[in-house]
Structure formats: structure tokens, C-alpha cells
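Residue numbers (our numbering): 1 to 300. A virtual CB, placed ideally from N, CA and C, is assigned to each residue, including glycine. Heads up, the thing below is written out as C-alpha cells.
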Amino acid sequence: MADSGKLIELSDVSQVFRGAAFRQVGGELTAVDRVSFKLTADPPHITSLVGESGSGKSTIARIILGLQRPTSGRVTYYGKDIYDLHGEEFQRYRRDVQAVFQDPYGIFNPFYRVDRVFWTAIKKFKLAKSHQDGDNLIAEALEAVGLRPNDVLGRYPHQISGGQRQRIMLARTYMCRPSFIIADEPVSMLDAAVRVLFLNVLLDFKQKYGMTTLFITHDLSTAYYVGGDALVISKGQIVERGAVDDVLVHPTHPYTQMLLSSLPAPDPDARWHDKLDEAEVAQLAATETDVLTVEGVPTP
Ligand SMILES: Nc1ncnc2c1ncn2[C@@H]1O[C@H](COP(=O)(O)OP(=O)(O)O)[C@@H](O)[C@H]1O
Ligand SMILES: [Mg+2]
């Protein structure tokens, strides 16, 4: 397959939800409204999808991952509708497009050692020929995200920090060697220092390993940090797009201007707490105590 085929393309994708909950808005809600964009893996790059909570970002992620069939429009991979992929083609898609979500804690089974997230991927995608092969793959993947095997392997999920759990998910992603990573608010639960570590791994993935990321965030400053392109989404519609630097320095759409002007005072942690709801703050507090044990991260 030609490299030029390494492409995920959304064409006029819409998602309408119907039901009693949307009575006030005529019984339906257009969560994603005629969205079109491309993600190319050649050359690799990072595209940030930026918008407020409820703007349709996660719905787009689920649609790309094949978890939700859009009401209309198409998502194609190598030019083929992802809902027409079967057998081997579908397996290849599942491996080539990996997801990283906000709260990896939900993905870990508390009763199994963290090693299991690697071995399930190794078995599912037949990544290793022997146990030794698998061990080597895991060690290499941990190294790619800056974790030492001894610090995390053999532990249970609650015995490692939130930042380590997130990086283990990244290591698992790395092991699958995807062309595409869909990262939905991956750093929202992490404190500032760990967040930067994580974003740097994503940047490494692009530069060293040629992986393309759709980076979903409600936070313009993290989009700015990772660079690349930005798609600004409001009420399901892409209202502005372009190089991150242009979009953030010279926003033309009032929504982007509003998002920018709501970027508050220089203290990133203060801003952080402003934006979280109560449950998120509680979760963050739990994570932060954990985070104190992360190697190399200064105690806040
Ligand atoms: N399965 C669903 N059923 C009904 N409404 C949904 C469903 N999933 C999302 N929505 C609604 O669609 C809109 C977009 O949600 P979402 O994609 O999660 O936004 P974001 O990730 O940007 O916060 C929201 O109004 C949300 O309530
Ligand atoms: Mg979301």
C-alpha cells in the first residue's frame, strides 16, 4: 500500500442524537455537524481538536474509532469506509488507530497486575512469537515512554501513580506501532509537571516514530504546547482551522477569540481548578497524592 494512503478522512460527518432528553431542542441534538478533515501519517503531525465541553469532540473520537456509526457522512481509511472493513482489514485498522483516553484507571482491571494490559495487546495483535519476545517488546515500550520496567511491572494499578498509569497506556499504544493515535483529553487529570512529561512523549512519538495524533483538548494552552494544526470546534461545527500558531495568535472566529480571552492568569494550576467540576477535582486530588511518588517529578 502506498504511503500516500496513510490517511483517515472525515467527509461531512454528522451525529444526531434523538430522545426525550432533548425535548427542549425539538427532540434532537446535532452533536457533530458536517465535520470534514484529514489526518495524514505521511508526514506525521499533530492536529489538536479544541473546544469547550459538550462541543462534540469525544463523539468525533468515538466515530473515528468505529465505536459509533455517524448519522451521515463517511470516515475512510486508505480510501475505504471504516464500516466496510472486515476480517484482516478491520484488524489492521484496529491496530493502526489506537486510542488514549482521559482516565486510564477505568481501563485497568484492579485485580490484575499492570503487565496484563501489555499481554492482552500482544495476544490480540499477535505482536510476539515467544514469551521472551513479548518481554523485550514490553521493556522497549516502557523505555519509549520513560518508565523503568522495575518501577511498574508486577504492580497492581493502585500501586502506581496516575501519571505512570497514563504512560503505561501510552507504552501499550507504542507497542502496537499505530500510524494514528486518537488522544481524548489525555492530560486533563494530570498535574502540570506530569502533563508536560506526557505531552513530550506524544511529541517523541511523532518525531522519532512517525505517529500522527489527533489531540483532543478543551485547553488551548496544551494545544499550543504540542503545536501542529488546530481545529476549533463549537456546537459540533469546525469554526476555525489552521496552524496552531496562526489560529491562536490571529483567531478570526469569535468563538476562538472567546476561548483565548478566557485563558486566565499565569498560574496554570489556578486555571486548572477553575475549569474542573467537583467530581473532577476530587479525582485530581486523589491523583496528585499519587503523583508525589513519580520519579523525577519535583514535589509541588
Ligand atoms: N450517546 C449519547 N446520547 C445522547 N447525547 C449524547 C451522547 N453522547 C454525547 N451526547 C451529547 O452530544 C454532545 C457532544 O458530546 P461530546 O462529544 O461528549 O462532547 P465533548 O467531548 O466535546 O465534551 C453533548 O451535548 C452530549 O451531551
Ligand atoms: Mg469529551
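For residue j and residue i, believed in contact at Cβ under 8 Å, the rounded distance
i	j	result
Gly163	Ile46	20 Å between Cβ atoms; not a contact.
Ile233	Val50	7 Å
Leu10	Gly66	Not a contact, Cβ separation roughly 13 Å.
Tyr156	Arg113	6 Å
Val25	Gly236	Contact doesn't hold; Cβ gap of about 12 Å is too wide.
Leu127	Leu137	6 Å
Asp178	Asp246	A small correction: the amino acid at residue 178 is Pro; Asp does not occupy that position in the sequence shown. Their Cβ separation, rounded to whole angstroms, is 28 Å, which puts Pro178 and Asp246 out of contact at 8 Å.
Val16	Thr71	5 Å
Phe118	Arg172	6 Å
Leu220	Leu260	6 Å
Gly176	Phe111	Reading off the sequence, residue 176 comes out as Cys, not Gly. With a Cβ gap of about 24 Å, Cys176 and Phe111 do not count as contacting.
Leu170	Asp115	Not confirmed; about 16 Å, so no contact.
Own chain, CB closer than 6 Å to residue i, minus 5 neighbours either side, in chain order
i	result
Arg323	Residue 323 lies beyond the range of the chain shown here (1 to 300); nothing can be said about it.
Phe101	Asp184
Asp81	Arg74
Pro266	Low confidence applies to Pro266: its pLDDT is 45, below 50, so where it sits in the model is not reliable enough to give any reading.
Lys6	Ala41, Asp42, Ser179
Phe108	Pro157
7 Å Cβ shell around residue i - same chain, five flanking residues per side excluded
i	result
Gly27	Arg18
Arg62	Gln68
Thr217	Ser48, Val50, Glu185, Ala223
Ser14	Thr30, Val32, Asp33, Arg34, Pro70, Thr71, Ser72, Gly73
Chain C contact for residue i (CB, 8 Å cutoff)
i	result
Arg92	You won't find chain C in this structure, because it holds only one protein chain.
Residues bridged to residue i (per DSSP)
i	result
Asp184	Ile216
Ser48	Phe215, Ala230
Ser11	Arg74
Ala243	Asp229
Arg18	Glu28
Phe37	Leu10
Gln304	Past the edges of the chain, shown from 1 to 300, lies residue 304, and the structure says nothing about it.
Gln237	Ser234
Cutoff 8 Å; reference residue i; Cβ partners in own chain excluding five residues on either side
i	result
Gln257	Pro251
Task: Check your reading: residues with Cβ closer than 6 Å to ligand 1 heavy atoms - done: Around ligand 1, the residues whose beta-carbon falls short of 6 Å from at least one of its heavy atoms are Phe17, Leu29, Ala31, Gly51, Ser53, Gly54, Ser55, Gly56, Lys57, Ser58, Thr59, given in chain order.
TODO: Tell me the start and end of each unbroken alpha helix (DSSP H) in the region 72-142 that is at least 4 residues and wholly inside, in chain order.
DONE: Runs found: 87-96, 115-124.
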